[in-house]
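Using my numbering, read the sequence shown as starting at 590 and increasing by one per residue. Ideal Cβ positions, reconstructed from N, Cα and C, are used throughout, including at glycine. Just so we're clear, the structure is a prediction, and the values are computed from it rather than from any experiment.
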Amino acid sequence: MSVFRKHDDGPVSTALEAQGLTWLAEAMADGGAHVVPVTSGPGWLEEPRLTTTGVTPA
Numbered sequence: 590m591s592v593f594r595k596h597d598d599g600p601v602s603t604a605l606e607a608q609g610l611t612w613l614a615e616a617m618a619d620g621g622a623h624v625v626p627v628t629s630g631p632g633w634l635e636e637p638r639l640t641t642t643g644v645t646p647a
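In C-alpha cells, the structure reads:
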C-alpha cells in the first residue's frame with residue numbers, strides 16, 4: 590500500500606492534525622466514522638493513500 594506524506598511548514602500543524610485524527614479514531618469502536626491510521630513524527634504526517642473511485646447506485 591502506498592502512503593501519502595505531508596510535511597509541516599509551520600511548527601505544529603501536522604502534530605495537531607495527527608492528534609485530531611487519533612481522537613476521531615477512538616470513536617470507531619462505538620460506531621463512529623472510519624478514520625485512516627496515521628503515523629507522524631517531527632514535522633511530518635503519513636497516512637495511507639486512498640484509491641480514487643466514483644459513486645455507484647445504492
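Following the DSSP letters along the chain, one finds Ser591 in no beta strand (DSSP E), marked with neither H nor E. Per DSSP, the unbroken beta strand (DSSP E) holding Leu634 starts and ends at 633–637. Distance from the CA atom of Ala604 to the CA atom of Val644, rounded to whole angstroms, is 32 Å.
Glu636 sits close to Val627, with the two beta carbons spaced by under 9 Å. Leaving aside the five residues that flank Phe593 on each side, the residues in its chain whose CB is nearer than 6 Å to its CB run, in chain order, Glu636, Arg638.
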